[in-house]
Every structure is written in structure tokens, then in C-alpha cells.
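Quick notes on the structure that follows.
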Ligand SMILES: *Cc1c(COP(=O)(O)O)cnc(C)c1O
């Protein structure tokens, strides 16, 4: 009999009842060190006092109003994002998937308004993940996501990851946009090099194609800058943001330049919940906290500490791990064993991690993780690695 909850997830048999900072507490009282953060969502950890205060205060005042009216909380968060990024304008969504939908629509409308309605091709990369809507699965194009779901939205062309020659050959006057994660998350914590990102930006400038960066997972301070592309010194035309920006409240945002967004006039897009006062109030506290230079510097410092310890962990388990990769507090352990086995072994050591593609174990701790918790996390990962290490004779 089908469960009352549609069984589309492979769930671990653990249920949490409470969260405190970097820790999750299960029904039986067991405390788990959380290196998954709800897949990079709980950027400030669980039950962060500033977020609890903002949410409670807003909840007593106003939850929802229609976008038929002005929403001051939305204007405040948009102003913050515009002040701290390349963007001139922001549209709020409830999820990452919805940001993919708007990014795609915006790119198509841009060329339509230029009198080039046939210019719809969007280049994406193998291993990409942009969400689960019919548009977003067409963009990613992987067999696993699209199989069985019928005709896909046309216009996407997937290119091999990291093959700049293939990219240079593919981009041209038919390219409407290039859509890329600066660091692939689901794809296995695969970072595009700063140089490759600059080459993509240059190719977009040459051909006129719009650059859409998907920073849903790698953005919001995760790499030690507010957004990952800042490391490469380039800016996108359109950027997708979600996950960490709500700190656990469902919130996403599409950021764009005035030129890229020019066609999105009244009536061309909308959302009932998108940009509701609760989400935007929380989002503003997250953005204010994370974008503070001291906070980002701390992320960078702690990332260095974690990475150093992980390099040592990899060196001491050469039959389990291959390498550390990623940037900031978005790190991956490329494994020689099935990463899912390490995730399961981690449950026995009360540490939460997430598997990703390309045989990678993902570590996405709260950006607020402490030095002591980093040391404890690596001790527990070491114990988990011992559990899965192939038997030696
Ligand atoms: C999670 C994710 C999405 C989709 O976000 P949802 O909120 O699950 O819809 C899109 N892009 C990237 C890079 C992601 O990591």
C-alpha cells in the first residue's frame, strides 16, 4: 500500500524534533552534528536567535499579503541584495526551482524583445542541477531526472563539464544564455575554475548571450564571499539564489541587471507566496548577518581549518577517500567507497552528511559552526571511515 506521504525520497529512519546551532536532536534524544544543514539551507544553523526573533516578531504582525499591494519587507530585502551585489532588481520566489523558471523566461523574453524570438538556446553543463520542475529538469537533462516524464521543454543543450573547447565551439549567435553553477552541488561539489568562469563571461560578452549563474547552493556566504562568482571577479546578468537565503524559511530570489530584466514588465510573471513578509523579514536578517565582512572572514578562516583537517583525514584513509574538493564551507570528499555507505556509517557516529553524484560525500555545515565542532566533526568522520574501510588482510 502506498504510504500517506508520496514515497519519492529514500529517507533515513531518523526523525528530528529540535535543532540548536550545528546540532539536531532526534526523537530518542540522540544529538547529531549536522554537516548537511538541510542541504545548505540552515546557513546560520538551527534556531539562530536572530532568526527566531525576526520570525516571531513578524509572525505577530503580518504573515501574508498579496503582491497586489506593496510589500515593504520585500522592498527592504531587495534593496539589501541590490546594494550588496551586481543586481539592479530582484524577484522573490519560494524555492530554487522557481528561480530556474524565471531565469529561463527572462532570457527568452530578453531575446524576444530584441526581435529575435527564435534565439532560445540555453547552454547547460553535464552534472548540473537546477531543480525539479519540467523546465529545470530539461535544463539539467540527466537521464535520472527526465526519464518517463515525456517531451521536454526544448531549447537546452548540455555540454560536457570542464571542457572549455566544447563550450567555445557551442556558443554562438543562436545562444540565448549560458546557465551554470559556479560550484556544482548535486553534481558532486565540482567547482568551475575562476579562469573558466571568466572565459564563459567573455564568450557571453562576445556573442551577447546572457550569463545565468545558479548560486542556489554555493551562494549566501558558503564559499567565504557572499556569492561564489565574486572570487572570479566576474558578474552574471541573472543569478538564481535560494536555500541559504531563508535560513530554513522557504525563500528564493532571482537577481538581475536592468538590461536582462527589462522585458519582465507588469503581468509577465508572478507568484502568490513569493516575497511574503515572513520570508522576506527572515531573509533580510540572513543577508545582513552573512554579508558582514567579519562574518565572511570567519567563514573563510573556519573553512581553512576544516579543509586542513579533511586533508589529513583523506591521507589517513587512502582506501576510503581520494581527495578533498570544493571551496569554503562547501566541501566534498571524493570517495573510493560508496558515499551512501559513509552517510549511513555517519548516522552510527551521530554525524550528518549528504551524498552527491560523482562518488562524493558532501559537507555543508552551518556557516556558524565553531572550531570545536569542526574538530569533533572530523573525529566522527574518522570513526565513520573506519566503519566502512575495506577489510585488510
Ligand atoms: C537545490 C538546488 C536547486 C533547486 O532548489 P529547490 O529549492 O529544491 O527547488 C537549484 N539549483 C541548485 C544549484 C540547487 O542546489
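In my numbering, the protein residues as written are -13 to 379.
Each residue gets a CB set at the ideal place from its N, CA and C atoms; glycine is no exception.
- With contacts defined as CB atoms closer than 8 Å, residue 230 and residue 253 fail to qualify as a contacting pair.
- Apart from the 5 residues on each side of it in sequence, residue 146 sits with its Cβ closer than 8 Å to the Cβ of 111, 112 and 152 in its chain, given in chain order.
- Ranked by how close their Cα comes to the Cα of residue 180, the residues 167, 171, 192 and 174 have 167 in first place.
- Going by beta carbons, residue 233 and residue 202 fall outside the 8 Å limit.
- Between residue 119 and residue 83, the alpha-carbon positions lie close to 6 Å from each other.
- Annotated as proximal: residue 317 and residue 296, with beta-carbon spacing under 8 Å.
- Rounded to the nearest angstrom, the gap between the Cα atoms of residue 53 and residue 324 is 47 Å.
- Looking at the DSSP output, residue 19 shares a beta bridge with 9 and 337.
- Contact between residue 31 and residue 354 holds, since their C-beta atoms are separated by about 5 Å, short of 8 Å.
- Our two residues, residue -6 and residue 135, have alpha carbons roughly 15 Å apart in a direct line.
- Going by beta carbons, residue 89 and residue 165 fall inside the 8 Å limit.
- The beta carbon of residue 20 sits closer than 6 Å to the beta carbons of 8, 10 and 338 from its chain, once the five residues preceding and following it are set aside; these are given in chain order.
- With contact defined as three or more Cβ pairs closer than 8 Å, the region 353 to 371 and the region 328 to 342 are in contact.
- By the CB criterion at 8 Å, residue 193 and residue 158 fall inside the cutoff.
- The Cβ atoms of residue 141 and residue 209 lie no closer than 8 Å to each other.
- Partner residues in the beta bridge of residue 240, as assigned by DSSP, are 77 and 226.
- Per the DSSP secondary-structure output, residue 32 pairs in a beta bridge with 7.
- The beta carbon of residue 184 lies closer than 6 Å to those of 218 and 220 in the same chain, with the five residues before and after it left out.
- Judged by DSSP secondary structure, residue 301 falls within the alpha helix (DSSP H) whose first and last residues are 279 to 302.
- Relative to the non-hydrogen atoms of ligand 1, the Cβ of residue 22 never comes closer than 7 Å to any of them.
- For residue -9 and residue 125, the gap between their C-alpha atoms comes out near 28 Å.
- If you draw a 10 Å sphere on the C-beta of residue 87, you find 16 or more other C-beta atoms in it, and that means buried.
- Taken through DSSP and simplified to helix, strand or coil, residue 153 comes out as helix.
- Beta-carbon to beta-carbon, residue 352 and residue 23 are separated by about 5 Å, close enough to satisfy the 8 Å threshold.
- Annotation: the continuous beta strand (DSSP E) that includes residue 318 extends over 316 to 321.
- When beta bridges are read from the DSSP output, residue 312 appears opposite 317.
- Using a Cβ distance threshold of 8 Å, residue 216 and residue 189 do not count as a contacting pair.
- Look at residue 131 here: in three-state DSSP terms it is helix.
- Pairing residue 70 with residue 277 gives a Cβ-Cβ distance under 8 Å.
- With 16 or more other Cβ atoms inside 10 Å of its own Cβ, residue 236 counts as buried.
- The three-state secondary structure of residue 233, taken from DSSP, is strand.
- Under the DSSP assignment, residue 271 falls in the alpha helix (DSSP H) whose first and last residues are 263 to 276.
- Taking all protein chains shown into account, residue -13 has fewer than 16 neighbouring C-beta atoms within 10 Å of its C-beta and is therefore exposed.
- Rounded to whole angstroms, the Cβ separation of residue 76 and residue 67 is 5 Å, and the two are in contact under 8 Å.
- Selection 299, 298 and 322 evaluated against residue 308 yields 322 as nearest (Cα-Cα).
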